[in-house]
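Numbering (our numbering), first residue to last: 907 to 1060.
For reference, the structure discussed in these notes is given below.
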Ligand code: SF4
């Protein structure tokens, strides 16, 4: 079993209230090979919701209390992001998950690149809160942009 960002499998859980159309990733869920999770919804945030960005660091820094997750209007959602990451990790552990495919650039799910906290569209190297927690616990995290060739899905 792998974990996948629910929005990549078509669930309308994005902050905008929609999902993405990746038929090959949705099929993994339909075939029972992937468990769809949305850490922001699991953390208690509504859909749709204000955009969030990590301010002052990356997902590891949020987990370590050195950075915060804020909405574009300045509301602090750090607690919800950490709670959601923990709930995803719990699901991963009870399902013996070793690999995840998570949405790149998300403040929760990004694994290589995130937005820089300025809400100006600028990106920076780094990962989101959930990706950081999974990686710290030995789970391999890929994105929709680099999973092909790195994961055996048979
Ligand atoms: S938190 Fe992750 S799964 Fe949920 S909408 Fe954002 S990118 Fe998708």
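No residue lacks a Cβ here, since even glycine has one placed at the ideal position from N, Cα and C.
Check	Outcome
From 1042, 963 and 1001, residue whose alpha carbon lies closest to that of residue 1024	963
Residue nearest to residue 991 in terms of C-alpha spacing, selected from 913, 1060, 1036 and 922	1036
Alpha-carbon spacing of residue 955 relative to residue 1021, whole angstroms	17 Å
Beta bridge counterpart(s) of residue 977 as assigned by DSSP	958
Simplified DSSP assignment, three categories, for residue 1031	strand
Per DSSP, the bridge partner or partners of residue 1080	Absent from the model: residue 1080. The displayed extent of the chain is 907 to 1060, so no value can be given.
Check whether residue 1049 and residue 1017 have beta carbons under 8 Å apart	yes
CA-to-CA distance, residue 971 to residue 918, given in whole angstroms	30 Å
Near the ligand HEM: residue 945 beta-carbon under 7 Å from a heavy atom	Judged by which ligands are present, the ligand HEM is missing from the structure shown, whose ligands are the ligand SF4.
Cβ-heavy atom distance, residue 1029 to the ligand SF4, below 7 Å	no
Closest Cα partner of residue 984 within the set 959, 1042, 997 and 1001	959
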